[in-house]
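Okay, structure first, notes after.
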Amino acid sequence: MKVLPVFAIAVLLVGCGGNSTTSTFMSRQAVATFLHKNLALSKTAPKGGGGAPKTLHAAKHHTRVHGRGGDVYFDEGYQLWVEDSTDTPNTLHFFEDEALTIPAGSDITVSDFAARTDVRHLEVLAGPHKGEVLDSVYQLHEDGGGQEDVTGQDAQGHFSYVATWESDGLTTYHERWDFNDGSWLTFLNDPKTGGHHNLRLETSVDVVAVWTFAGDLSGTGTVTGPMDGLPATMVWDATGNGTITWSDQTTEPYNVWS
Numbered sequence: 001m002k003v004l005p006v007f008a009i010a011v012l013l014v015g016c017g018g019n020s021t022t023s024t025f026m027s028r029q030a031v032a033t034f035l036h037k038n039l040a041l042s043k044t045a046p047k048g049g050g051g052a053p054k055t056l057h058a059a060k061h062h063t064r065v066h067g068r069g070g071d072v073y074f075d076e077g078y079q080l081w082v083e084d085s086t087d088t089p090n091t092l093h094f095f096e097d098e099a100l101t102i103p104a105g106s107d108i109t110v111s112d113f114a115a116r117t118d119v120r121h122l123e124v125l126a127g128p129h130k131g132e133v134l135d136s137v138y139q140l141h142e143d144g145g146g147q148e149d150v151t152g153q154d155a156q157g158h159f160s161y162v163a164t165w166e167s168d169g170l171t172t173y174h175e176r177w178d179f180n181d182g183s184w185l186t187f188l189n190d191p192k193t194g195g196h197h198n199l200r201l202e203t204s205v206d207v208v209a210v211w212t213f214a215g216d217l218s219g220t221g222t223v224t225g226p227m228d229g230l231p232a233t234m235v236w237d238a239t240g241n242g243t244i245t246w247s248d249q250t251t252e253p254y255n256v257w258s
């Protein structure tokens, strides 16, 4: 999952020099690609609705809902065999083989219903997500608000995520990725009443983007940085379709999601 921003930063740095038409085109295309890749990555991007976020509290790569103790199945997301424990609730053990003889990690959540907390530890030892470790603490308050704190790592680097939500559904998120190549990304979601909120992206390549979403997911945005065509502005409708206007006032079609 965190391969995306590393790729996006690499693309952004290619074609930014020179004055040729090709160089200008590539650098602007790279900026658009950068925005798409990282908005898709972000767990803070609006998905509609409100209340407690479901993204990280749910299993990250599982392709089916677990909970029926004793099940053994092949999970397409992890590309591993999974045994759903009959002895301990919310406990999955991963294996490389169908015979369950080669351990490949686990995903264990311990719930304290009195304290309204879930504490989760995920570790993957094989498959496409080998090396991924995730620890999270999920706290639900009596008024419906709560908080989730997540830290982890994978083959690309380390990440952290904090979400705090109020009983009225307004949620503040902060995400950070620190990659092995030295690059980093942060996202901050600033919730607004009436479904409006801002999502701010900052990066180690000095690109800063801000998306402002209305309740129907239409919106406007800005992107600044040292690349050709910046600063630029964005506008889109409820379907995500719109335009990006570069610093020289030329425009191109832009879809906020793809």
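Start counting the sequence shown at 1; every next residue gets the next number (the working numbering).
Cβ atoms here follow ideal geometry from the backbone N, Cα and C, with glycine treated the same way.
Original post:
Which same chain residues, not among the five before or five after residue 164, have their C-beta less than 6 angstroms away from its C-beta?
Top reply: Counting only Cβ-Cβ distances below 6 angstroms, and skipping sequence neighbours, we find 147, 172.
Original post:
Hey, residue 27 and residue 221: beta-carbon distance below 8 angstroms or not?
Top reply: Taking 8 angstroms as the cut-off, the beta carbon of residue 27 is found no closer than this to the beta carbon of residue 221.
**OP:** Name the residue from 219, 237, 209, 248 whose alpha carbon lies nearest to the alpha carbon of residue 33.
**Re:** Cα-wise, what sits closest to residue 33 is 209.
Original post:
From residue 174 to residue 99, what distance separates their C-alpha atoms?
Top reply: Residue 174 and residue 99 have their C-alpha atoms some 41 angstroms from each other.
Original post:
Whose C-beta lies closer than 7 angstroms to the C-beta of residue 237 among residues of the same chain, with five residues either side of it excluded?
Top reply: Within the same chain, residue 237 has close Cβ partners 218.
Original post:
If you check the beta carbons only, do residue 136 and residue 120 fall under 8 angstroms apart?
Top reply: With contacts defined by Cβ atoms closer than 8 angstroms, residue 136 and residue 120 form a contacting pair.
Original post:
Any idea what DSSP makes of residue 27, helix, strand or coil?
Top reply: In this structure, DSSP gives residue 27 a helical state, which the three-state scheme calls helix.
**OP:** Starting from residue 153, follow the beta strand (DSSP E) in both directions and report where the run begins and ends.
**Re:** For residue 153, the enclosing beta strand (DSSP E) starts and ends at 146–154.
Original post:
Distance, Cα to Cα, residue 36 vs residue 162?
Top reply: In a straight line, the C-alpha of residue 36 is about 22 angstroms away from that of residue 162.
Original post:
In terms of residue numbering, what span does the beta strand (DSSP E) encompassing residue 242 cover?
Top reply: Counting along the chain, the beta strand (DSSP E) containing residue 242 begins and ends at 241–245.
Subject >> Of the residues 103, 249, 199, 158, the one placed nearest residue 183, counting alpha carbons only >> reply: Looking from the CA of residue 183, the closest CA among 103, 249, 199, 158 belongs to 158.
**OP:** Closer than 6 angstroms by C-beta to residue 242: which residues in its own chain qualify, once you throw out the five before and the five after it? Chain order, please.
**Re:** 235, 236, 254.
Original post:
Of the choices 256, 257, 258, 231, whose alpha-carbon is the least far from that of residue 246?
Top reply: When only C-alpha atoms are compared, the closest one is 231.
**OP:** Let me know if residue 252 comes out buried or exposed under the rule of 16 or more other beta-carbons within 10 Å of its beta-carbon.
**Re:** The Cβ neighbour count for residue 252, taken over all protein chains shown within 10 Å, is under 16; the residue is labelled exposed.
Subject >> Among 145, 84, 153, the one whose alpha carbon lies nearest that of residue 132 >> reply: Checking every option, the nearest Cα to that of residue 132 belongs to 153.
Original post:
Are residue 78 and residue 94 closer than 8 angstroms when you measure CB to CB?
Top reply: The criterion of a C-beta distance shorter than 8 angstroms is satisfied by residue 78 and residue 94.
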